[in-house]
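Novice:
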Amino acid sequence: MVGEPKPERRKQPRVKGTVGLTVGAQPHLDGVQVKDISLSGISFRMERPIEFMTRLMMHMVFPNRSSPDGQSFMYGSIQCEGAVVRCAPVSDDNGNQYEIAVFFTHLEEAARKAIQDYVGMCS
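Each residue of the sequence shown is one higher than the last, beginning at 1127 in this note's numbering.
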């Protein structure tokens, strides 16, 4: 029926992004705005499009967080690889940008644990 919300298809929980992200080694791919992150992938906005299925190297920096019991966690930074699965133009207060979704294709175990811990803490 029109207007009814679609059921969630994602298998992994995702959280809004406060993660620092650098995409690739080229300066023009730096300084993106992260939308959300999960164990499956990440979505972000940037000023330039990236072709569908482009493989990317990414560097993420996670912020410090405190747990409900007051313990502080430092997630540090990770490197990972992914492939662009969506690139769509969006218009907002920052002008025309592209929303890009990346599916992680390679995560070291330490990177997977850092993302899992971060998502769990932010959920």
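The beta-carbon is built from N, C-alpha and C at its ideal position, and this holds for glycine as well.
1. Quick check: what's the CA-CA separation for residue 1241 versus residue 1188?
2. In chain order, what residues of the same chain have a beta carbon less than 6 Å from the beta carbon of residue 1213, not counting five sequence neighbours either side?
3. Assign residue 1174 to one of three DSSP states: helix, strand, or coil.
4. If you draw a straight line from the alpha carbon of residue 1204 to that of residue 1222, how long is it in whole angstroms?
5. Quick one: using the 10 Å Cβ neighbour count with 16 as the cut-off for buried, is residue 1202 buried or exposed?
6. Can the beta-carbon of residue 1172 be found less than 8 Å from the beta-carbon of residue 1150?
7. Looking at the secondary structure, which residues open and close the beta strand (DSSP E) in which residue 1245 lies?
8. Assuming residue 1181 and residue 1162 are in contact, meaning their beta carbons sit under 8 Å apart, how far apart are those beta carbons, in whole angstroms?
9. Would you kindly work out how many angstroms separate the C-alpha atoms of residue 1210 and residue 1232, rounded to a whole number?
Specialist: Per the coordinate set shown:
1. For residue 1241 and residue 1188, the gap between their C-alpha atoms comes out near 9 Å.
2. Its chain contains 1175, 1176, 1224, 1226 as the residues whose beta carbon lies nearer than 6 Å to that of residue 1213, once the 5 sequence neighbours on both sides are disregarded; these appear in chain order.
3. Three-state result, residue 1174: coil.
4. The alpha-carbon atoms of residue 1204 and residue 1222 are separated by roughly 29 Å.
5. Per the 10 Å Cβ criterion, exposed.
6. No. Outside cutoff.
7. Careful: residue 1245 lies outside any beta strand (DSSP E), inside the alpha helix (DSSP H) at 1235 to 1248.
8. Contact doesn't hold; Cβ gap of about 21 Å is too wide.
9. In a straight line, the C-alpha of residue 1210 is about 13 Å away from that of residue 1232.
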